[in-house]
Amino acid sequence: MDATTTTTTTPTSPTSPTSHLQQLLLTPHGTLAKPPLDSQAPQHSRGAEVSQSANLSACVGCRRVSSELWGSCRYCECKLCETCQRACHFCGGSFCPKCSLAVYLQEERVVCLSCC
Numbered sequence: 092m093d094a095t096t097t098t099t100t101t102p103t104s105p106t107s108p109t110s111h112l113q114q115l116l117l118t119p120h121g122t123l124a125k126p127p128l129d130s131q132a133p134q135h136s137r138g139a140e141v142s143q144s145a146n147l148s149a150c151v152g153c154r155r156v157s158s159e160l161w162g163s164c165r166y167c168e169c170k171l172c173e174t175c176q177r178a179c180h181f182c183g184g185s186f187c188p189k190c191s192l193a194v195y196l197q198e199e200r201v202v203c204l205s206c207c
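In this text, residue positions in the sequence shown follow the numbering used here: the first is 92, and each later residue adds one.
Below, the structure is given as structure tokens:
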């Protein structure tokens, strides 16, 4: 018996399924948007839009998107806005809501995971 092997090749053409895919952009409101359909736009302006949207970051506490420089959690190093930063009662470090606990004794105190 002869075993024959057949190989099939798929040509790469502009009609391939991946040719219509486009990179989505992050808007200032934190949503994803398709890039403008203006194909006459110069490539450097599109790159500026992408790099500008890449400079945006979202707070892990409230998910607010901003390009401002924020603090970061001492434990997990995630980005935080000013309102979501929590100072540990014992060490004074800045922590995110996930890496700190609210301890209710006579008053509410925030304690980080390291000082628990």
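Using N, Cα and C, we set each Cβ at its ideal position, and we do this for glycine too.
Rounded C-alpha distance that separates residue i from residue j
i           : j             : result
leucine 192 : glycine 121   : 28 Å
glycine 66  : threonine 174 : Lying before the first or after the last residue shown, residue 66 is absent from the chain, which here runs from 92 to 207.
Exposed unless 16 or more other CB atoms sit within 10 angstroms - verdict on residue i
i             : result
serine 185    : buried
cysteine 169  : buried
glutamine 197 : exposed
arginine 154  : exposed
Residues near residue i by beta carbon distance below 7 Å, same chain, minus five either side
i            : result
leucine 171  : Cys150, Val151, Gly152, Trp161, Gly162, Ser163, Cys164, Cys187
cysteine 190 : Cys164, Tyr166, Cys167, Cys203, Leu204
Test item: CB-CB of residue i and residue j under 8 Å
i             : j            : result
leucine 147   : leucine 117  : yes
valine 201    : cysteine 179 : yes
glutamine 114 : proline 127  : no
Same chain, Cβ closer than 6 Å to residue i, neighbours up to 5 away in sequence not counted
i           : result
alanine 124 : Leu116, Thr118
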